[in-house]
Each structure stands twice: as structure tokens, then as C-alpha cells.
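Residue numbers (our numbering): 108 to 248.
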């Protein structure tokens, strides 16, 4: 009886551990959030993918506690790898040609920059890298 319970417990724990989401392996279609210098890996319809948040290139967004003439924009650099082929690109929180692009299509995937947080004026500066997050939306075309 003890052997049976031990085996049952082992199987249950193994199933539980394997069902947990592993950090860095959650890339999927839809909205995702990446911390600065972090990557997400995943597999969509047989494509091995990796999306990385490389750096904040600039952030001219109007602070929350200010009145501004222009809303400003946050621009960040990313890398996207599909089946071993890596593409580097910049995206902004607004779309205004020729300097600001909010989305791009790479290797059959549309990647859209939704938001960069925290928003200026909502926290004290400087913000630690592990608190800077980019929200993106990825869609297979």
C-alpha cells in the first residue's frame, strides 16, 4: 500500500511540475509583457520563436504630472528570431512616419508595441531595469 501511494504521489508531483509555465518559454499569439533585457520563447504553428526586449532607445512621453504640447513617444529596440533567423528592429508607442513605427511584420508575424511602463511621472527615477516592461502584441499573418 505504501509503495502504491508513493508511486501515485510521484506521478502527481511529476505531472504538476511539468504543467507549470516555465519563465522564458511563454511566447504565443496575443499580448505579452517583457521585462527589459528579457526574452520569451515559444512555438506557434511549428515555428520556433524568440522575442527579446533589448533596450529603451528613447522616452519623450509627456509625464503624468505635466501639461505638454506633444504627447511624446517611447521607442524601444527588440529582436525577433524565427527558426534561428534573427531580426533586430525598433518600435514606438505611436505611429508617425517617418520616425515612429508602432508595428512591423517580420517573417510572417505582426509585432505591435502597445505600451512601455512605468509611465513617466508615475514613479521616482531612475527606474531599475527589472521594473521596465514592454507590452507587445504578436499575431501570425
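Glycine included, each C-beta is placed from N, C-alpha and C at the ideal position.
*Where do the N-terminal and C-terminal ends of the beta strand (DSSP E) with residue 165 fall, by residue?*
154 to 166
*CB-CB under 8 Å to residue 164, same chain, minus the five flanking residues each way: which ones, in chain order?*
182, 183, 184 and 197
*By how many angstroms is the C-alpha of residue 178 removed from the C-alpha of residue 247?*
30 Å
*asked:* Comparing C-alpha positions only, which one of 189, 167, 147 and 170 sits nearest to residue 153?
replied: 189
_Inter-stretch contact (C-beta, 8 Å, three-pair minimum) for the stretch 214 to 221 and the stretch 237 to 246_ = yes
*asked:* So, with DSSP's three-state summary, where would you put residue 145?
replied: coil
*Report yes if the CB atom of residue 158 is closer than 8 Å to the CB atom of residue 146, and no otherwise.*
yes
*Who are the Cβ neighbours of residue 264 in its own chain at under 7 Å, not counting the five residues just before and after it?*
Nothing can be reported for residue 264: it is not among the residues displayed for the chain, which extend from 108 to 248.
_Suppose you measure from the CA of residue 86 to the CA of residue 142; what does that come to, to the nearest Å?_
Nothing about residue 86 can be read from this structure; the chain reaches only from 108 to 248.
*Classification of residue 199 by the beta-carbon crowding that lies within 10 angstroms, buried from 16 upward*: buried
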